[in-house]
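Novice: Just so it is clear: in the sequence shown, position 387 is 390 by this note's numbering, and no numbers are missing. Cβ atoms here follow ideal geometry from the backbone N, Cα and C, with glycine treated the same way.
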Amino acid sequence: MSQKVLLITSGSPVKNLGGPGKFVPMLMEAFYASEVSSRLQLHALMGGRFYRNPNFDWSEPGQNASLKTLVKGLLKPIFYSLYVPARLWLHFTHRKQQKFLELIIKEGGYDVVHCHDYLSTVLSNYICKRSSALLIFTNHYKGSLYREAIAPMYPYFRTTKWEKYFRRIEEEAICKADILTFPSESARDLLIEDFPKFQKLICEKSKIIYTGIPDPQELLNVAMCPNEKGMQKSPLRVINIANHIPDKGIDLALRVFKELCNVIDVDLHFVNFGQYTPETQRLLALVRELDIDSRVVFKGIASHSELLKNIASAFLCLHTPRKVVFDLSLLEIMALGVPVIATRVKGNQEALGQKYPLFISLEEPKISEEQIEIVLERREIVRQALRTRYEERFTISKMLDEYIKLWNTSIARE
4 MSQKVLLITS GSPVKNLGGP GKFVPMLMEA FYASEVSSRL QLHALMGGRF YRNPNFDWSE
64 PGQNASLKTL VKGLLKPIFY SLYVPARLWL HFTHRKQQKF LELIIKEGGY DVVHCHDYLS
124 TVLSNYICKR SSALLIFTNH YKGSLYREAI APMYPYFRTT KWEKYFRRIE EEAICKADIL
184 TFPSESARDL LIEDFPKFQK LICEKSKIIY TGIPDPQELL NVAMCPNEKG MQKSPLRVIN
244 IANHIPDKGI DLALRVFKEL CNVIDVDLHF VNFGQYTPET QRLLALVREL DIDSRVVFKG
304 IASHSELLKN IASAFLCLHT PRKVVFDLSL LEIMALGVPV IATRVKGNQE ALGQKYPLFI
364 SLEEPKISEE QIEIVLERRE IVRQALRTRY EERFTISKML DEYIKLWNTS IARE
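1. If you scan the segment 102 to 158 from start to end, which runs of the beta strand (DSSP E) of 3 or more residues do you find wholly inside it?
2. Roughly how many angstroms lie between the CA atoms of residue 351 and residue 342, to the nearest whole one?
3. Are the segment 102 to 114 and the segment 80 to 90 touching, with three or more C-beta to C-beta distances below 8 Å?
4. Can you list, in chain order, the residues of its chain with a C-beta nearer than 6 Å to that of residue 299? Leave out the 5 residues immediately preceding and following it.
5. To the nearest angstrom, how far is it from the Cα of residue 56 to the Cα of residue 31?
6. According to DSSP, what are the bridge partners of residue 419?
7. Run the CB neighbour count on residue 224, radius 10 Å, all protein chains shown included, and call it buried at 16 or more, exposed below.
8. Under three-state DSSP, which class holds residue 388?
9. Looking only at its chain, what residues have a beta carbon closer than 6 Å to the beta carbon of residue 226, apart from the 5 residues adjacent to it on each side?
10. Which whole runs of the beta strand (DSSP E) in the segment 272 to 354 are 3 residues long or more, in chain order?
11. Grab me the residues of residue 348's own chain with a C-beta within less than 8 Å of its C-beta, minus the 5 sequence neighbours each way, in chain order.
12. Could you name the residues of the same chain whose beta carbon sits closer than 7 Å to that of residue 7, not counting the 5 residues immediately before and after it, in chain order?
13. Spatial neighbours of residue 357 within its chain, please: CB distance less than 6 Å, with the 5 preceding and 5 following residues excluded, ordered by chain position.
14. Do you know offhand how far residue 369's Cα is from residue 47's?
15. Quick check on the DSSP output: the alpha helix (DSSP H) that includes residue 400 runs from which residue to which?
16. Taking DSSP's pairing of strands, which residues face residue 266 in a bridge?
17. So, using beta-carbon positions, are residue 315 and residue 334 closer together than 7 Å?
18. Given a cut-off of 7 Å on the beta-carbon distance, is the pair residue 280 and residue 304 in contact?
19. Near residue 144, what residues of its chain come up, given a Cβ to Cβ distance below 6 Å and the 5 sequence neighbours on each side ignored?
20. Measuring only the C-alpha atoms, how far is residue 410 from residue 184?
21. From residue 172 to residue 28, what does the alpha carbon distance come to, in whole angstroms?
22. If the criterion is Cβ atoms closer than 7 Å, does the pair residue 59 and residue 16 meet it?
23. Tell me whether residue 214 sits in a helix, a strand or coil according to DSSP, three-state version.
24. Is the separation between the beta-carbon of residue 215 and that of residue 337 shorter than 7 Å?
25. I'd like the span of the alpha helix (DSSP H) that includes residue 220, first residue to last.
26. May I ask which residues mark the beginning and end of the alpha helix (DSSP H) holding residue 30?
27. In the DSSP assignment, find the alpha helix (DSSP H) that holds residue 7 and state where it starts and stops.
28. Using a Cβ-Cβ cut-off of 7 Å (strictly less than) and excluding sequence neighbours within five positions of residue 254, which residues of its own chain qualify?
29. Give the DSSP bridge partners of residue 182, in chain order.
30. Would you kindly work out how many angstroms separate the C-alpha atoms of residue 332 and residue 263, rounded to a whole number?
31. Measure the C-alpha to C-alpha separation of residue 39 and residue 269 and round it to an integer number of angstroms.
32. Rounded to the nearest angstrom, what separates residue 389 and residue 37 at their Cα positions?
33. To the nearest whole angstrom, what separates the beta carbons of residue 89 and residue 125, a pair I think is in contact under 8 Å?
34. Taking C-beta to C-beta, are residue 344 and residue 355 nearer than 7 Å?
35. Shortest alpha-carbon distance to residue 78 belongs to which of 157, 196 and 217?
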């Protein structure tokens with residue numbers, strides 16, 4: 004009888020954002036394209052919908068938002084500011100989700116339940132213990148999701164009560180999972196940084212499985228571009244892909260871009276793709292302060308195909324997070340061979356390698372003359388090095404092999 008694995012995430016399948024909504028479909032599609040699919044059954048539960056195969060009901064947030072979505076966005080701040088009724092509503096909602104999970108897991112007879120967010124892990128724990136299924140939690144976040152994204156993006160959750168509520172869910176997920184997996188060492192270290200009292204437990208349960216991605220060259224159906232890649236058009240575009248939250252370091256990218264404009268005698272334009280948040284107004288103020296209004300555009304969320312096309316035709320990419328796990332967009336930049344200036348933080352170093360020549364300091368993000376020369380004159384060397392590192396370490400097949408080995412540990416336990 005073949006092994007049965009269920010992937011779970013609370014969110015819906017999305018192509019144009021990172022995180023579980025993109026990762027789970029990517030993993031499932033890779034699995035069904037491999038030969039292993041005949042020896043192992045892999046299903047997914049995403050956004051309350053069950054999938055026996057990778058024919059996902061894709062959504063692309065930010066594209067053609069409906070009136071219903073806009074109204075919900077306006078009402079949410081009012082509702083969640085009322086803590087007691089909002090908590091009661093969440094309690095009943097989670098109970099309903101848990102009953103649905105119990106039905107799926109028990110009837111499916113799964114050997115492994117592999118969750119990709121905190122809440123799914125907590126809701127699945129009791130059911131997995133009763134059915135003896137192995138419970139795996141892959142943490143895609145920079146430690147606490149509340150600290151990284153929920154509080155910065157949703158001001159109505161910035162209260163002591165809501166912080167305690169989300170922290171309790173996060174702590175329970177860490178404690179209840181049988182195995183914790185991380186897409187990088189940086190991801191594990193950031194979780195320990197946010198939850199230091201669980202350091203020993205996290206280290207005992209943790210396994211690092213580096214993220215891999217499908218080859219974007221194949222998705223775009225293009226070969227690698229020549230050495231002058233990204234330098235034919237005017238103005239030359241400098242691409243930054245990051246949602247508007249402080250940890251993403253868009254403010255650092257803007258300061259680096261300003262410096263590039265001062266030292267490179269060509270017409271440069273900065274284009275950011277990422278979700279608007281309350282942080283957006285602060286970034287717009289910084290753009291005015293740096294006097295680069297006419298050169299900067301915030302495009303919002305774009306489709307995945309549009310993102311890849313923009314990366315492939317870019318003169319340069321800026322990837323300047325203060326904290327980073329392992330951004331899928333950075334791996335796509337590497338696979339497409341586009342020079343990228345990046346902050347020297349652990350996640351970026353794991354992806355690009357310690358000796359990558361275009362790192363800048365997080366404390367003082369300055370560009371050296373040698374780095375300018377590399378960007379203008381030695382692009383081919385960087386391009387080939389990035390592509391080679393992707394092929395050697397971060398392909399989707401390498402990641403899939405590691406996850407299959409992990410799923411098979413449930414057989415060894417029995």
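Specialist: Let me spell this out:
1. 115 to 118 and 137 to 141
2. Against the sequence shown, residue 351 aligns to sequence position 348. Against the sequence shown, residue 342 aligns to sequence position 339. The alpha-carbon atoms of residue 351 and residue 342 are separated by roughly 14 Å.
3. no
4. Locating residue 299 in the sequence shown gives position 296, counting from the first residue. Counting only Cβ-Cβ distances below 6 Å, and skipping sequence neighbours, we find 273 and 290.
5. Here residue 56 corresponds to residue number 53 of the sequence shown, with the count starting at 1. Here residue 31 corresponds to residue number 28 of the sequence shown, with the count starting at 1. Each residue's alpha carbon lies about 8 Å from the other.
6. An answer regarding residue 419 cannot be provided, because it is not within the stretch 4 to 417 covered by the chain.
7. If you number the sequence shown from 1, residue 224 lands on position 221. Its Cβ having fewer than 16 others within 10 Å, residue 224 is exposed.
8. Sequence index remark: in the sequence shown, residue 388 carries index 385 (1-based). Of the three classes helix, strand and coil, the one that applies to residue 388 here is helix, per DSSP.
9. For the purposes of this step, residue 226 is taken as the residue at position 223 of the sequence shown. For residue 226, the predicted structure reports a pLDDT of 46, less than 50, and the residue's modelled location is therefore unreliable. A value from the coordinates is still provided. Cβ within range, chain order: n/a, list empty.
10. 299 to 301, 319 to 322 and 343 to 346
11. For this step, residue 348 is matched to residue 345 along the sequence shown. Hits under 8 Å: 189, 324, 325, 326, 327 and 365.
12. Along the sequence shown, read from residue 1 onward, the residue named residue 7 stands at position 4. Same-chain partners within the cutoff: 44, 111, 112, 113 and 114.
13. If you number the sequence shown from 1, residue 357 lands on position 354. Once the five neighbours on either side are set aside, residue 357 has no close Cβ partner at all.
14. Translated into positions along the sequence shown, residue 369 becomes position 366. Translated into positions along the sequence shown, residue 47 becomes position 44. The straight-line gap from Cα to Cα measures roughly 45 Å.
15. Counting from one through the sequence shown, the residue named residue 400 turns up at place 397. That run of the alpha helix (DSSP H) goes 399 to 410.
16. On the sequence shown, position 263 is the one that residue 266 refers to. Residue 266 pairs with nothing; no bridge assigned.
17. Along the sequence shown, one-based indexing puts residue 315 at 312. Along the sequence shown, one-based indexing puts residue 334 at 331. It is not a contact, given that the beta carbons lie outside the stated cut-off.
18. Here residue 280 is taken as the residue at index 277 of the sequence shown, counted from 1. Here residue 304 is taken as the residue at index 301 of the sequence shown, counted from 1. The answer is no: Cβ separation not under 7 Å.
19. Position 141 of the sequence shown, counting from 1, holds the residue named residue 144. The answer, listed in chain order, is 151.
20. What you label residue 410 is simply residue 407 of the sequence shown in a count that begins at 1. What you label residue 184 is simply residue 181 of the sequence shown in a count that begins at 1. Their Cα atoms are separated by approximately 12 Å.
21. Walking along the sequence shown from the start, residue 172 turns up at place 169. Walking along the sequence shown from the start, residue 28 turns up at place 25. Using only the alpha carbons, I get a separation of about 24 Å.
22. The residue given as residue 59 occupies position 56 in the sequence shown. The residue given as residue 16 occupies position 13 in the sequence shown. Yes, they are a contact pair.
23. Taking the first residue of the sequence shown as 1, we reach residue 214 at position 211. Correct three-state label for residue 214: coil.
24. As a position in the sequence shown, residue 215 is number 212, starting the count at 1. As a position in the sequence shown, residue 337 is number 334, starting the count at 1. No, the Cβ-Cβ distance between residue 215 and residue 337 is not below 7 Å.
25. Within the sequence shown, residue 220 is the residue found at index 217, counting from 1. It spans 219 to 223 - the alpha helix (DSSP H) in which residue 220 sits, taken as one unbroken run.
26. Numbered from 1 along the sequence shown, position 27 holds the residue referred to as residue 30. Note, residue 30: alpha helix (DSSP H), 23 to 35.
27. Position 4 of the sequence shown, counting from 1, holds the residue named residue 7. Note, residue 7: premise wrong, no alpha helix (DSSP H); beta strand (DSSP E) at 6 to 12.
28. Sequence index remark: in the sequence shown, residue 254 carries index 251 (1-based). Taken in chain order, the residues that qualify are 286 and 289.
29. Counted from its first residue, the sequence shown places residue 182 at position 179. Paired residue(s): 139.
30. Counting from one through the sequence shown, the residue named residue 332 turns up at place 329. Counting from one through the sequence shown, the residue named residue 263 turns up at place 260. Distance between the alpha carbons of residue 332 and residue 263 is about 22 Å.
31. Taking the first residue of the sequence shown as position 1, residue 39 is located at position 36. Taking the first residue of the sequence shown as position 1, residue 269 is located at position 266. Near 51 Å, if we compare the C-alpha coordinates of residue 269 and residue 39.
32. Counted from its first residue, the sequence shown places residue 389 at position 386. Counted from its first residue, the sequence shown places residue 37 at position 34. About 26 Å.
33. The count along the sequence shown starts at 1 and reaches residue 89 at position 86. The count along the sequence shown starts at 1 and reaches residue 125 at position 122. So it is not a contact: roughly 18 Å between Cβ atoms.
34. Position 341 of the sequence shown, counted from the first residue, corresponds to residue 344. Position 352 of the sequence shown, counted from the first residue, corresponds to residue 355. No.
35. The residue you call residue 78 lines up with position 75 of the sequence shown. Of the listed residues, the one whose Cα sits closest to residue 78 is 157.
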